[in-house]
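*Asks:* Heads up, the sequence shown is in my numbering, so the first residue is 752 and it goes up one at a time. We put the beta carbon where it would ideally sit given N, CA and C, even for glycine. On a predicted model such as this, the values are computed, not experimentally measured, just so you know.
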Amino acid sequence: MMLSYYEQGINYSELTPSQRINILYASIHMPIDFKKGNDVSKYLPALEKYTYQSKIYKHKSIEEAKEETNQFMKTFTQ
Numbered sequence: 752m753m754l755s756y757y758e759q760g761i762n763y764s765e766l767t768p769s770q771r772i773n774i775l776y777a778s779i780h781m782p783i784d785f786k787k788g789n790d791v792s793k794y795l796p797a798l799e800k801y802t803y804q805s806k807i808y809k810h811k812s813i814e815e816a817k818e819e820t821n822q823f824m825k826t827f828t829q
């Protein structure tokens, strides 16, 4: 689901509740997989888009959304 969300250019607001849950589940487990040594690089652009758009959707300012997204994405560079 996460890759198709990204590749098809779907906006967060267009996702169904079940699609959001599927992507959220993947986003929660992705840092765990990364720390186990699994390659998650192909999912990172989609994860970044999802994280940013979900913050905006939840009424965060653009600056807050960017900062929180950047902080989360740093998880994958450590």
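1. Name the residue from Thr826, Lys817, Thr828 and Tyr801 whose alpha carbon lies nearest to the alpha carbon of Glu758.
2. Which of the three DSSP states, helix, strand or coil, is assigned to Gln804?
3. Using CA coordinates, which residue listed in Gln822, Met752, Phe823 and Ala816 is at the minimum distance from Thr767?
4. If you compare alpha carbons, which of Gly788, Ile761 and Ser755 is closest to Thr828?
5. Does the distance from the C-beta atom of Lys903 to that of Thr826 stay below 9 Å?
*Replies:* In terms of the structure at hand:
1. Tyr801
2. helix
3. Met752
4. Gly788
5. The question about residue 903 has no answer here: the residues shown for the chain are numbered 752 through 829.
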